[in-house]
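Peer 1: Numbering (our numbering), first residue to last: 91 to 752. Note that CB positions come from ideal geometry on N, CA and C, so glycine has one too. Fair warning: this is a prediction, and the values are worked out from it, not measured in the lab. So that we are looking at the same thing, I have put the structure below in structure tokens.
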Ligand SMILES: Nc1ncnc2c1ncn2[C@@H]1O[C@H](COP(=O)(O)OP(=O)(O)OP(=O)(O)O)[C@@H](O)[C@H]1O
Ligand SMILES: [Mg+2]
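Laid out in structure tokens, this is it:
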């Protein structure tokens, strides 16, 4: 296999799209059914798993043991209120684990099994890897998209899933940034030093995002964005389901939503009808056996459809108005992506609110994967590009709080009036990512820092993110501080970069103290952007020949809600085991087919090619043996092991060889 591509993966709520950046272009990698998008569906059978296309094909007949929408459950706690909404669209029971996580419960290979969302996503990622490798590309490194509103917990859960699937995440890229980057990189020639501002609207299957991208010749940046986690075409389908359920209730006296199989068949038919309505003024839905021996058929006009979904369109309209009113720059254009933007009423409301035509110059279904592949190429040294920067934006403000402790762990009393200074926003909403901040404490005591979201997240989970304990070290000099550098890294995740005791002194000792003790050490930290230092500061330092001695401090770092290495290893081994079992099932199946084909082939040769060269009794006994083997294959040999098939195949081949060499 050649390692020739930089891989980008759009892991949506519903579909996965894989793109590969090659030397001069970006291509989509199709799946085994030659489709450009693969459904994110993981089915469990008595012998093997069915993932992607195969999973989707068996969904209706095996819904109880099929996981759908696993990415929507990543990082959620078992008591998250939004689970109720998600549960409407899934068919497997959900249980709560000891550590308050979610697990899907399915029957796999005849046994009741529980799989965490991370494991289910890892299974899908294994399938993605298989599709990439089938193309002859050996890469296991990729840039994977995430909704920008994904919390630290959701991002970490996805990275854990990738580890379980033995995939190296080069970067988690926000979907909005991927869309914008794909737009900006291919339009470099059109851009000038004056930023071009473009609104991107992604109305997807489960969620909706609106973002503002700013572009110059060598730079793409997301300036602002808003999201609705639960606003997409599946919400429209839910409304239609309720509408038809009402009709069926009145007509046949049954609740069609109570039967999961009927519900699934209805969702299928509703999606087809919805798509037809995007291009036609009316569409018929017909579903047989919705009730006992009762079929349902209904002709819906586009007007009816728009009436039924009014409240959802209104929610979308509010989102658009809120976003528009916050924009302070002239808009160049509005780019629409995501399957839902093909619906005429969705386009109409965008045009009404912005008073501007929508443009669809991006490939709405593939632009995220393409943007990720471009980002992967930019990060791969083998690809030579002119410098180009892609700047992401932080979605949730992160608050930092700190306390100082004596060696015995006792908290130090805060100075009167200083209590409220022990907390501050470290990373505000909208700040660029990656970024880092240095906190300076005029202290040499132990410092306990805790970080949390300063807002309710879209998943409504716990705001707690991390706790860092910095072990203080007594300084022998008057001018000292503890500097803690905290980063929001390229994946949008918190990191403790460094914690140091910084002791400053003048080499000639003459001016010492002038800048140290007089700094009035306080109980509160000071933030400096790690990348900035004023010119004045630098000048002063040079004049006074001040020297700093930095000593690394011991730290204890704990993050909430992520898997530990031991758990990851356990799930990685389990996934490898499941992959091997699936592989064995497929290889056995292929060997059985090979044996069956060999029986037909040899029988034909005996009857035709060697008909006259064989003694009649040899011919009769060989044909009888072949008949017996064929019967065995359809009977007790249907589930034999690969070794047994191989033995029988070897024997057949020896027999025919002995005839051929006679
Ligand atoms: N012509 C059309 N008319 C109406 N709906 C359409 C049309 N084409 C696609 N869709 C719908 O778009 C949806 C898929 O959109 P998309 O691929 O953007 O979702 P996704 O990226 O998987 O989900 P999300 O971004 O919400 O996680 C499907 O529900 C599909 O039926
Ligand atoms: Mg999407």
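1. So residue 118 packs on residue 106, CB below 8 Å; how close in whole Å?
2. Would the beta-carbon of residue 322 be found less than 6 Å away from any heavy atom of ligand 2?
3. Starting from residue 261 and walking both ways along the beta strand (DSSP E), at which residues does that stretch end?
4. Please return the same chain residues whose Cβ sits closer than 6 Å to the Cβ of residue 374, not counting the five positions on each side in sequence.
5. On a CA-only basis, which of 270, 120, 529, 530 is nearest residue 223? Give me that one, please.
6. Among 342, 147, 219, which one has its Cα closest to the Cα of residue 382?
7. Nearest CA to the CA of residue 251: which residue from 228, 243, 212, 220?
8. Taking the alpha-carbon positions, what's the residue 705 to residue 721 distance?
9. Would you call the region 329-337 and the region 251-265 touching, i.e. three or more CB-CB distances under 8 Å?
10. Does ligand 2 have even one heavy atom less than 6 Å from the beta-carbon of residue 454?
11. Give the C-beta separation of residue 191 and residue 206 to the nearest angstrom, bearing in mind that I take them to be a contact with Cβ-Cβ under 8 Å.
12. Residue 129 by DSSP, collapsed to three states: which one?
13. Given a threshold of 16 other Cβ atoms within 10 Å of its Cβ, counted over all protein chains shown, does residue 621 qualify as buried or as exposed?
14. Could you check whether the Cβ of residue 102 sits closer than 6 Å to any heavy atom belonging to ligand 1?
15. Straight-line CA distance for residue 345 to residue 351?
16. Measuring from the CB of residue 295, is there a heavy atom of ligand 1 at a distance below 6 Å?
17. Report yes if the C-beta distance between residue 647 and residue 531 is below 7 Å; otherwise report no.
18. Is residue 586 closer than 7 Å to residue 517 when the C-beta atoms are compared?
19. Measuring CA to CA, which of 680, 463, 426, 104 is closest to residue 234?
20. Check for me: the beta strand (DSSP E) holding residue 379 runs from which residue to which?
21. Mapping the DSSP letters down to three states, classify residue 683 as helix, strand or coil.
22. Going by beta carbon distance, what residues of the same chain come within less than 7 Å of residue 239, once the five residues before and after it are set aside?
23. Classify residue 754: buried if its beta carbon has 16 or more other beta carbons within 10 angstroms, exposed otherwise.
24. Going by C-alpha distance, which of 126, 569, 697, 310 is nearest residue 274?
25. What's the gap between the Cα of residue 696 and the Cα of residue 713?
26. Using a 10 Å radius around the Cβ and a threshold of 16 neighbouring Cβ atoms, would you call residue 615 buried or exposed?
27. What number of angstroms, rounded off, separates the C-alpha of residue 533 from the C-alpha of residue 576?
28. So within the region 162-196, which uninterrupted alpha helix (DSSP H) runs reach at least 4 residues, ignoring any that extend past its ends?
29. Let me confirm a value: residue 475 is counted as buried when at least 16 other C-beta atoms fall within 10 Å, else exposed. Which label applies?
30. Tell me which residues share the same chain as residue 562 and place their Cβ nearer than 6 Å to its Cβ, disregarding the 5 neighbours each side in the sequence.
31. Enumerated in chain order, which unbroken segments of the alpha helix (DSSP H) with a length of 4 residues or greater are wholly contained in the region 320-355?
32. Measuring only from the beta carbon, is residue 368 closer than 6 Å to any heavy atom that is part of ligand 1?
33. What is the DSSP secondary structure of residue 724, reduced to helix, strand or coil?
34. Fully enclosed by the region 639-676, which beta strand (DSSP E) runs are 3 residues long or longer?
35. Using only CA atoms, which one of 161, 202, 404, 260 lies nearest to residue 582?
36. Candidates 141, 216, 177: which alpha carbon is nearest residue 665's?
Peer 2: In brief:
1. Actually they do not touch by this definition, with Cβ atoms about 11 Å apart.
2. no
3. 258-264
4. 389
5. 120
6. 342
7. 212
8. 24 Å
9. no
10. no
11. 6 Å
12. strand
13. Low confidence applies here, because residue 621 scores a pLDDT of 46, under 50, leaving its location unreliable; read the following figure in that light. Classification of residue 621: exposed, given that the 10 Å Cβ count is below 16.
14. yes
15. 12 Å
16. yes
17. no
18. no
19. 463
20. 372-381
21. helix
22. 317, 319, 485, 548
23. Since the first residue shown for the chain is 91 and the last is 752, residue 754 is missing from the structure and cannot be characterised.
24. 310
25. 8 Å
26. Residue confidence is low: residue 615 scores 45 on pLDDT, short of 50, so the model does not pin down where it sits. Its coordinate-derived value is still stated next. Buried is the call here.
27. 17 Å
28. 173-177
29. exposed
30. 534, 535, 536
31. 323-342
32. yes
33. helix
34. 645-649
35. 260
36. 216
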